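S.K.: Before anything else, here's the structure in question.
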Amino acid sequence: MTITKRIILVGLCLCIALGAFAQQAGKRKRKPAASETPADPRIEQMIHNTQRIMFIDSVVVPRNEVLAQLRLTTQAGRVWQDANGTYYENELGFRRFYVKDDGRLYTQHKLGSEWCDEQELQGIIEPAAVDSISCPFLMNDGMTLYFAAKGTESIGGYDLFVTRYSTDARAFLKPENIGMPFNSTADDLFYIIDEGANIGYFATTRRQPEGFVCIYSFVPPATRQTYAEGYSESQLKSLAAINNIADTWRNEQEHTIAMERMLNAQRQPSSPTQTESEPFVINDIIVYTKPSDFRAPGNADRYKQLMQMRQDYQRQAQELQKTRNYYAKATPGERTQLKRDILAGEQQLERLELDIKQQETLIRNTEVKHLND
Numbered sequence: 000m001t002i003t004k005r006i007i008l009v010g011l012c013l014c015i016a017l018g019a020f021a022q023q024a025g026k027r028k029r030k031p032a033a034s035e036t037p038a039d040p041r042i043e044q045m046i047h048n049t050q051r052i053m054f055i056d057s058v059v060v061p062r063n064e065v066l067a068q069l070r071l072t073t074q075a076g077r078v079w080q081d082a083n084g085t086y087y088e089n090e091l092g093f094r095r096f097y098v099k100d101d102g103r104l105y106t107q108h109k110l111g112s113e114w115c116d117e118q119e120l121q122g123i124i125e126p127a128a129v130d131s132i133s134c135p136f137l138m139n140d141g142m143t144l145y146f147a148a149k150g151t152e153s154i155g156g157y158d159l160f161v162t163r164y165s166t167d168a169r170a171f172l173k174p175e176n177i178g179m180p181f182n183s184t185a186d187d188l189f190y191i192i193d194e195g196a197n198i199g200y201f202a203t204t205r206r207q208p209e210g211f212v213c214i215y216s217f218v219p220p221a222t223r224q225t226y227a228e229g230y231s232e233s234q235l236k237s238l239a240a241i242n243n244i245a246d247t248w249r250n251e252q253e254h255t256i257a258m259e260r261m262l263n264a265q266r267q268p269s270s271p272t273q274t275e276s277e278p279f280v281i282n283d284i285i286v287y288t289k290p291s292d293f294r295a296p297g298n299a300d301r302y303k304q305l306m307q308m309r310q311d312y313q314r315q316a317q318e319l320q321k322t323r324n325y326y327a328k329a330t331p332g333e334r335t336q337l338k339r340d341i342l343a344g345e346q347q348l349e350r351l352e353l354d355i356k357q358q359e360t361l362i363r364n365t366e367v368k369h370l371n372d
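The C-terminal position of the sequence shown is numbered 372 in numbering that gives the first Met the number 0, with every residue numbered one higher than the one before it.
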């Protein structure tokens, strides 16, 4: 064999070897990395079930200054923080929720000037599902409780959850993740609804530098609605992540009205005085101020009944507060009966709160249906 033939043969063998090596290397490259994290199917499901929310504004603040930025009306109660955690106290100042070092949620009732023994909320903590609770907030109905928590039901960091009190079980039910756009793979905190102003707030660390959060203000929806068909995958992901709050506005007028309402509430943080005529929110655009504004048959009378119910609530709340104040001065023998009276009064107020909510819903739904017919 000549030298030239030998060179050609060696070259052919080398090409074959290099080709086989490249083929094997290509196969190795196509294998998934062992460290690759599989996609969480819950995130995809949440994206496709993103709730339709109109966001009003946003502001970035240091994480430890969130509550200082919120000027809530007194109807929203009080929310504050100290070295031990985050606290919520209802409007009348006799019920409190807070979290201890064990990550569990507790409540207390006030009798007179004294707080009763704390009680852990039953039904909240499920094994590994919800842990490290923070940021509790109770709605005015006295039964709907929001909080932030970590656990297997969270899609990353702190997620926002909701639970409701069951009068039959006499305990709060298993919490539910409220989904997107409120939750993300970052920390999502402080879901607060100021019903006096009809404005909601929540805070999140998504897209923020270390130590900062973004506070979003939004219009609380009367019912849960998701984005209907017609949105692309990229649009749904953007809405779920709140990439642009202007994308959530149906029109500029609605946004302008909501912004004015929020600014007015921040200028006048105290709750309005109960009178025969009070603002009544029909939707994001229409607000009535007197019985003659209503168009649906029977709603003017229902509105007057609502005003009476609200006055009854204030009167009973004042009487209950007097009983609490007397409890602090009462003898041990008197306190036994007073305690029963106070607990009965609280239950009566809770029922009246529920009746007021149902009346408001009836008036609003009746008026909306009449206007749309």
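By construction, the Cβ of each residue, glycine as well, lies at the ideal position given by its N, Cα and C atoms.
Being a predicted model, the structure only gives us computed values, none of them experimental.
Going by DSSP, what residues sit across from residue 193 in a beta bridge?
M.R.: Residue 193 pairs with 198.
S.K.: Should residue 49 be labelled buried (16 or more other beta-carbon atoms within 10 Å of its own) or exposed?
M.R.: So residue 49 counts as buried.
S.K.: Using a threshold of 9 Å, state whether the C-beta atoms of residue 370 and residue 266 are closer than that.
M.R.: Not a contact, by the Cβ cut-off of 9 Å.
S.K.: Using a Cβ-Cβ cut-off of 6 Å (strictly less than) and excluding sequence neighbours within five positions of residue 304, which residues of its own chain qualify?
M.R.: No residues qualify anywhere along the chain.
S.K.: Touch check for the stretch 101-110 and the stretch 52-69: three-plus C-beta pairs under 8 Å?
M.R.: No: the two stretches stay apart, fewer than three of their Cβ pairs being nearer than 8 Å.
S.K.: Which residues in the same chain have their Cβ closer than 6 Å to the Cβ of residue 356, if we skip the five residues on either side of it in sequence?
M.R.: Excluding positions up to five away in sequence, the list reads 140.
S.K.: So, residue 95 versus residue 211, is the Cβ gap smaller than 9 Å?
M.R.: Cβ atoms of residue 95 and residue 211: not closer than 9 Å.
S.K.: Provide the residue(s) that pair with residue 84 in DSSP beta bridges, ordered along the chain.
M.R.: Answer by DSSP bridge pairing, in chain order: 81.
S.K.: How far does the beta strand (DSSP E) with residue 164 in it reach, from first residue to last?
M.R.: It spans 158-165 - the beta strand (DSSP E) in which residue 164 sits, taken as one unbroken run.
S.K.: Pick from 45, 39, 51: whose alpha carbon is nearest that of residue 219?
M.R.: When each option's Cα is compared against that of residue 219, the closest is 51.
S.K.: Skipping 5 residues on each side, what residues in its chain have a beta carbon closer than 6 Å to that of residue 117?
M.R.: Closer than 6 Å at Cβ, skipping near neighbours: 105, 107.
S.K.: Per DSSP, which residues does residue 106 bridge with? Please list them.
M.R.: Paired residues: 96, 118.
S.K.: Suppose you measure from the CA of residue 247 to the CA of residue 324; what does that come to, to the nearest Å?
M.R.: Rounded to whole angstroms, residue 247 to residue 324 spans 48 Å at the Cα level.
S.K.: Only counting the same chain, and skipping five residues up and downstream in sequence, which positions put a Cβ closer than 6 Å to that of residue 231?
M.R.: Around residue 231: no qualifying Cβ.
S.K.: Does the stretch 199-214 come close enough to the stretch 73-87 that 3 or more CB-CB pairs lie under 8 Å?
M.R.: Verdict: no, contact absent.
S.K.: Out of 342, 46, 39, which one is the CA nearest neighbour of residue 227?
M.R.: Checking every option, the nearest Cα to that of residue 227 belongs to 46.
S.K.: By Cβ distance, which residues of its chain are closer than 6 Å to residue 175, with the 5 residues on each side in sequence left out?
M.R.: Excluding residues within five positions, the ones whose Cβ falls inside 6 Å are 161.
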